[in-house]
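What follows is a set of notes on a single structure, which appears directly below.
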Amino acid sequence: MTYVVTENCIRCKYMDCVSVCPVDCFYEGENMLVIHPDECIDCGVCEPECPAEAIKPDAEPGLEKWLALNAEYAKAWPNITLKRDPPPDAKEWDGKPGKEELFSPEPGQGD
121 MTYVVTENCI RCKYMDCVSV CPVDCFYEGE NMLVIHPDEC IDCGVCEPEC
171 PAEAIKPDAE PGLEKWLALN AEYAKAWPNI TLKRDPPPDA KEWDGKPGKE
221 ELFSPEPGQG D
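With this note's numbering applied, the sequence shown corresponds to residues 121 to 231, in that order.
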């Protein structure tokens with residue numbers, strides 16, 4: 121099992137999760153984070169830290185596309201280990217449906 125960042129991270133991009141990860145397996149895109157599934161040690165400390173509840177265990181049904189997206193972009197985006205402020209409008213986007221179409225494949229700044 122691994123943990124997966126899902127759709128609700130898009131445009132919210134809270135970074136509470138990166139500060140608690142013991143293996144630094146988060147990678148930063150322009151408008152969301154992903155978890156590298158081969159680096160995640162399944163400890164689960166990140167899941168309760170996410171204010172947007174965007175982190176889920178991959179054992180939950182229906183997360184296959186998000187697991188694939190996490191795996192793909194963790195190889196292309198920079199590693200992030202330091203918590204920064206979320207986007208100023210993050211609370212406005214938290215919980216909004218249909219955010220998948222807003223996903224950006226562009227990398228973030230990383231550490």
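Ideal placement from N, C-alpha and C gives every residue a C-beta, glycine not left out.
Using beta-carbon positions only, say whether Y134 and I155 come within less than 8 Å of one another.
In the sequence shown, counting from the first residue as 1, residue 134 sits at position 14. In the sequence shown, counting from the first residue as 1, residue 155 sits at position 35. Not a contact, by the Cβ cut-off of 8 Å.
*Go through its chain and collect everything with a Cβ distance to Y193's Cβ below 8 Å, but skip five positions before and after it.*
Within the sequence shown, numbered from 1, the residue matching residue 193 stands at position 73. Y147, G149, V154, P225, listed in sequence order.
Exposure of C137, with buried meaning 16 or more beta-carbon neighbours within 10 Å: Mapped onto the sequence shown, residue 137 falls at position 17. That one is buried.
### Endpoints, the alpha helix (DSSP H) within which V138 is located
By one-based count along the sequence shown, residue 138 stands at place 18. First-last of the alpha helix (DSSP H) with V138: 136 to 140.
Exercise. Starting from K195, follow the alpha helix (DSSP H) in both directions and report where the run begins and ends.
Key: The residue you call residue 195 lines up with position 75 of the sequence shown. First-last for K195: undefined, no H or E at that position.
*Under the three-state reduction of DSSP, which class applies to K176: helix, strand or coil?*
Taking the sequence shown and counting its residues from 1, the one referred to as residue 176 is at position 56. In the structure shown, K176 sits in a strand (DSSP, three-state: E or B).
**OP:** Give me the Cβ distance between E159 and C170, rounded to the nearest whole Å; I'm assuming they're in contact under 8 Å.
**Re:** One-based indexing of the sequence shown puts residue 159 at position 39. One-based indexing of the sequence shown puts residue 170 at position 50. So it is not a contact: roughly 18 Å between Cβ atoms.
From the DSSP output, in three-state form, read off E159 for me. Along the sequence shown, one-based indexing puts residue 159 at 39. Note: E159 maps to coil in three-state DSSP.
What is the rounded straight-line gap between the Cα of L183 and the Cα of M121?
Here the question's residue 183 lines up with position 63 in the sequence shown. Here the question's residue 121 lines up with position 1 in the sequence shown. Computed Cα separation, rounded: 12 Å.
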